[in-house]
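Shown next, in structure tokens, is the structure this report addresses.
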């Protein structure tokens with residue numbers, strides 16, 4: 025009689041497939057909600073021509089994973105009424121220790137965690153400022169680094185963030201070269217700056233605070 029055997033690689037593959045299935049299902053439902061919201065918005069604005077609220081931002085922050093860490097990431101956002109839909113990707117790098125070469129710090133990386141997340145929340149606009157809070161689900165890929173050995177682990181997490189943006193309060197001409205030279209006609213498209221508290225609750229939890237900078241349409245003008 026033949027007895028099937030399973031290696032740790034087979035078990036990891038099965039776990040990864042299950043995680044991916046859950047993540048894809050959540051993203052599918054989020055896309056359905058966005059599609060429905062967008063259709064309703066078009067109906068609401070048949071007689072009023074206005075811009076959508078769509079913007080992207082990058083962020084860089086200090087994080088705590090149980091160790092000192094840094095996070096860099098990208099958000100793509102769409103807003104319908106006060107509902108905010110976000111796709112977020114980021115990478116958090118934890119540092120074991122820091123050596124100094126003269127005055128140059130040389131970090132020793134212990135692990136990196138990549139995040140691919142879908143979030144839903146609320147965003148409120150007041151003239152040239154907005155604040156938001158949101159949460160969701162993510163697929164995380166962690167890589168432990170120990171000299172030449174690398175261990176990869178996939179798991180589901182629950183991302184969250186709370187943030188503030190500042191942007192122009194009315195249509196203005198877009199400026200280039202460090203905001204010095206205006207070009208074109210007054211437009212709703214513009215820049216933003218802000219900060220946010222972010223994190224992820226899961227097998228490898230972390231929390232951080234960072235600065236954000238972005239481009240897009242931040243309100244209906």
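Residue numbers (the numbering used here): 25 to 245. We put the beta carbon where it would ideally sit given N, CA and C, even for glycine. Remember, it's a predicted structure, so these values are computed and weren't measured experimentally.
- Distance from residue 179 to residue 159 at the Cβ level is roughly 17 Å; contact not present, criterion being Cβ atoms closer than 8 Å.
- Residues 97, 234 and 236 of the same chain have their beta carbon placed closer than 6 Å to that of residue 83, with the five preceding and five following residues left out of the count.
- The alpha-carbon of residue 144 is positioned some 19 Å away from that of residue 218.
- Here residue 194 has 245 as same chain residues with Cβ atoms under 7 Å from its own Cβ, once five neighbours each way along the sequence are excluded.
- Using a Cβ distance threshold of 9 Å, residue 181 and residue 80 do not count as a contacting pair.
- In this chain, residue 201 is not harboured by any beta strand (DSSP E), its DSSP state being neither H nor E.
- Going by DSSP, residue 87 is part of the beta strand (DSSP E) stretching over 77-88.
- A distance of 9 Å or more separates the beta carbons of residue 168 and residue 227.
- Listed in chain order, the beta strand (DSSP E) elements of length 3 or more contained wholly in the stretch 122-185 are 128-150 and 153-170.
- Membership of residue 95 in the beta strand (DSSP E) is indicated by the continuous run 92-104.
- Counted as a single uninterrupted DSSP element, the beta strand (DSSP E) harbouring residue 222 occupies residues 214-225.
- With distances taken between CA atoms, residue 77 lies nearest to 104 out of 203, 104 and 86.
- Setting aside the 5 residues that flank it on each side, residue 203 has no residue in the same chain whose C-beta is closer than 6 Å to its C-beta.
- For the options 192, 152 and 166, the alpha carbon positioned closest to that of residue 117 is the one of 166.
- Residue state for residue 194 is assigned as coil, using DSSP reduced to three classes.
- As a beta-bridge residue in DSSP terms, residue 206 pairs with 199.
- Comparing alpha carbon positions, the residue from 75, 238 and 223 closest to residue 161 is 223.
- Residue 209 and residue 242 have their alpha carbons spaced roughly 18 Å apart.
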